[in-house]
Amino acid sequence: MSEISNQHTSNDNMQSSWFASWFDTSYYHILYKDRNYREAQIFMDNLTHYLNLPEEAKVLDLACGKGRHSIYLNQLGFNVLGVDLSENSIEIASKNANDKLHFKVHDMREPLEEKFDAIFNLFTSFGYFDHDEDNLKTLLAIKESLSEYGFAVIDFMNVPFVLDNLVAEETKTVEAIDFHLKRYVKDGFIIKEIDFEDNGKKFHYEEKVRALTLEDFTKMMDEAGIYLLDIFGDYKLKKYYKKTSERLIMIFK
Numbered sequence: 001m002s003e004i005s006n007q008h009t010s011n012d013n014m015q016s017s018w019f020a021s022w023f024d025t026s027y028y029h030i031l032y033k034d035r036n037y038r039e040a041q042i043f044m045d046n047l048t049h050y051l052n053l054p055e056e057a058k059v060l061d062l063a064c065g066k067g068r069h070s071i072y073l074n075q076l077g078f079n080v081l082g083v084d085l086s087e088n089s090i091e092i093a094s095k096n097a098n099d100k101l102h103f104k105v106h107d108m109r110e111p112l113e114e115k116f117d118a119i120f121n122l123f124t125s126f127g128y129f130d131h132d133e134d135n136l137k138t139l140l141a142i143k144e145s146l147s148e149y150g151f152a153v154i155d156f157m158n159v160p161f162v163l164d165n166l167v168a169e170e171t172k173t174v175e176a177i178d179f180h181l182k183r184y185v186k187d188g189f190i191i192k193e194i195d196f197e198d199n200g201k202k203f204h205y206e207e208k209v210r211a212l213t214l215e216d217f218t219k220m221m222d223e224a225g226i227y228l229l230d231i232f233g234d235y236k237l238k239k240y241y242k243k244t245s246e247r248l249i250m251i252f253k
């Protein structure tokens with residue numbers, strides 16, 4: 001599921017930054033260490049081929065995490081900027097920077113000053129916010145940051161498929177840590193609770209992503225003045241089917 005989570009705290013003021021805390025921990029990277037990098041590369045190959053991006057196109061990787069997509073896009077010959085709210089992730093990603101690959105801390109709700117030929121928001125890195133207007137602000141920021149002929153891509157989970165296949169509880173053991181995972185739907189969000197113990201200390205985090213459907217995105221895009229060009233259902237860019245596709249990949253400009 002998503003990249004972002006929070007740690008429970010008695011201080012309500014901390015809730016304003018819930019989407020930063022889990023992502024900035026080493027445990028986040030441990031839990032998700034087995035992600036399929038080859039699959040991600042195939043997706044980037046298919047996507048850049050489909051978009052027919054010009055050589056040395058300027059690409060923005062929005063919510064880039066540690067930069068795995070940014071690094072590969074740069075290897076394909078593109079000028080890439082990776083941005084993320086997590087200072088820890090950007091610090092790690094920046095170790096791979098070069099004259100055509102840069103990283104910086106940035107809030108996706110704010111447009112960037114420069115314009116891009118392509119903006120990629122990948123691996124369900126959308127819908128973190130408590131308020132729907134922040135999701136709309138993100139779309140408007142993407143629109144503002146695109147060049148006149150630029151394309152944007154949002155790669156989101158396919159919510160109907162996820163809900164039909166939701167595993168309520170499971171335990172994953174990674175690097176001798178037992179991560180106890182609990183998943184459920186509440187107030188329009190898909191929530192994953194993560195409990196584990198390390199060095200005699202107990203931890204509790206939560207991932208929380210708005211259960212946005214294609215209809216929800218279409219409505220927001222209409223409001224933002226964005227034109228939805230194409231929809232795909234997996235990383236091989238096969239047709240989207242509401243009930244059976246694992247992903248909801250939207251191309252717009």
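So that you can map any letter, position 251 of the sequence shown is 251 in UniProt numbering, and since no number is skipped, the others follow by simple counting.
Ideal placement from N, C-alpha and C gives every residue a C-beta, glycine not left out.
Asked: Residue-level contact to chain B via CB, Asp187, 8 angstroms cutoff; Found: Of the protein chains in this structure there is only one, and it is not chain B.
Asked: Burial state of Arg35, where buried means 16 or more other Cβ atoms lie within 10 Å; Found: exposed
Asked: Whole-number beta carbon distance between Tyr227 and Phe189, since they are thought to touch under 8 angstroms; Found: The Cβ separation is near 28 angstroms, so there is no contact.
Asked: Coarse secondary structure for Thr25, derived from DSSP in three states; Found: coil
Asked: Proximity below 8 angstroms, CB of Phe156 to CB of Phe126; Found: yes
Asked: Inside the region 68 to 95 only - alpha helix (DSSP H) runs reaching at least 4 residues; Found: 68 to 75, 87 to 93
Asked: Contact the region 105 to 116 vs the region 191 to 211: 3+ CB pairs below 8 angstroms; Found: no
Asked: Three-state secondary structure (DSSP) of Ser147; Found: strand
Asked: Validate contact between the region 23 to 32 and the region 93 to 106 using beta carbons, cut 8 angstroms, 3 pairs; Found: no
Asked: Per-residue DSSP class, three states only, for His106; Found: coil
Asked: Buried or exposed (CB count within 10 angstroms, at least 16 for buried), Ser89; Found: buried
Asked: His49 in three-state terms, based on DSSP; Found: helix
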